[in-house]
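K.L.:
Below you will find the structure I want to go over with you.
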Amino acid sequence: GENVEQHPSTLSVQEGDSAVIKCTYSDSASNYFPWYKQELGKRPQLIIDIRSNVGEKKDQRIAVTLNKTAKHFSLHITETQPEDSAVYFCAAGKTSYDKVIFGPGTSLSVIP
Amino acid sequence: NAGVTQTPKFQVLKTGQSMTLQCAQDMNHNSMYWYRQDPGMGLRLIYYSASEGTTDKGEVPNGYNVSRLNKREFSLRLESAAPSQTSVYFCASAESGRQETQYFGPGTRLLVL
């Protein structure tokens with residue numbers, strides 16, 4: 001089955017700097033890669049996703065890149081703000097199956 | 113729209129007791145999921161239901177059973193709770209077929225003594 005690894009497990013950045021979180025997956029059949037943000041005590045919420053027919057996707061300060069050959073994908077947050085502090089989860093899944101497998105999460109702290 | 117709702121919010125059980133966690137969604141989604149979240153381990157899929165009448169095992173199904181009662185409701189049952197099942201449980205739903213966004217419920221915090 002699918003296995004998703006995520007690095008780093010914790011990340012501290014100064015406000016205004018960029019943050020990068022990297023994930024790898026094992027199943028070459030996976031073709032859907034969402035990213036979720038979970039604030040302390042809250043539920044996970046989707047922030048961006050990418051499908052295998054696209055190499056990069058951007059939404060304001062957030063971008064995701066996908067390298068299907070190497071089986072890794074990354075989340076990039078630019079101009080970080082204190083409200084970006086949260087745990088971020090990557091996930092991978094197949095469209096033919098109705099489930100995704102999550103990575104272990106990255107705790108991001110943005111220092112004012 | 114309430115989205116995805118879960119009951120109860122918090123529960124304390126003794127080892128060996130049973131309980132059912134309830135989940136309901138009002139978004140007419142076909143797919144529903146149960147996850148558990150433990151520190152440092154992310155969200156692990158317990159069971160999922162791709163459509164009404166079907167259920168499938170996820171990564172960590174042992175010790176749990178599920179029922180997809182109808183399109184709206186998906187319950188998770190612990191027949192004989194163990195301390196290792198202490199966790200936060202999240203239910204989620206999604207429109208199936210195109211891997212749409214999963215919408216999560218607020219979670220149930222379960223403590224097994």
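From first to last, the protein sequence lines stand for chains E and S. In this text, residue positions in the first sequence follow my numbering: the first is 1, and each later residue adds one. In this text, residue positions in the second sequence follow my numbering: the first is 113, and each later residue adds one. Ideal Cβ positions, reconstructed from N, Cα and C, are used throughout, including at glycine. Note that the structure is predicted; figures quoted are calculated from it, not measured.
Who pairs with GLY154 (chain S) in a beta bridge, going by DSSP?
P.N.:
Answer is S:ASP150, bridged to GLY154 (chain S).
K.L.:
How is GLU185 (chain S) classed by DSSP in three states: helix, strand or coil?
P.N.:
Residue state, collapsed to three classes: strand.
K.L.:
Using a Cβ distance threshold of 8 angstroms, determine whether the stretch 136-155 of chain S contacts the stretch 86-106 of chain E, with at least three qualifying pairs required.
P.N.:
Enough Cβ pairs lie closer than 8 angstroms, so yes.
K.L.:
Quick one: which chain A residues come within Cβ less than 7 angstroms of TYR176 (chain S)?
P.N.:
This model lacks chain A altogether; the protein chains it does include are E and S.
K.L.:
To be precise: take each residue of the stretch 194-207 of chain S, compare its Cβ to all Cβ atoms of chain E, and keep it if any distance is under 9 angstroms. Which residues remain?
P.N.:
Cβ contacts with chain E: PHE202, ALA204 and ALA206.
K.L.:
Decide if the stretch 129-144 of chain S is in contact with the stretch 69-82 of chain E; the criterion is three or more beta carbon pairs, one per stretch, under 8 angstroms apart.
P.N.:
The stretch 129-144 of chain S, when compared against the stretch 69-82 of chain E, does not touch it at the 8 angstroms Cβ threshold.
K.L.:
For ASP59 (chain E), does the three-state DSSP call read helix, strand or coil?
P.N.:
ASP59 (chain E) falls in the strand class under three-state DSSP.
K.L.:
Check distances from the C-beta atoms of the stretch 155-186 of chain S to those of chain E and list, in chain order, the residues that come in under 9 angstroms.
P.N.:
Answer set for the stretch 155-186 of chain S: LEU155, ARG156, LEU157, TYR160, SER161, ALA162, SER163, ASP168, GLY170 and GLU171.
K.L.:
Leaving out the 5 sequence neighbours to the left and right, which residues in its chain are closer than 7 angstroms to GLU171 (chain S) when beta-carbon positions are compared?
P.N.:
If we look at GLU171 (chain S) and ignore the five residues flanking it on each side, its Cβ neighbours are ARG156 and LEU157.
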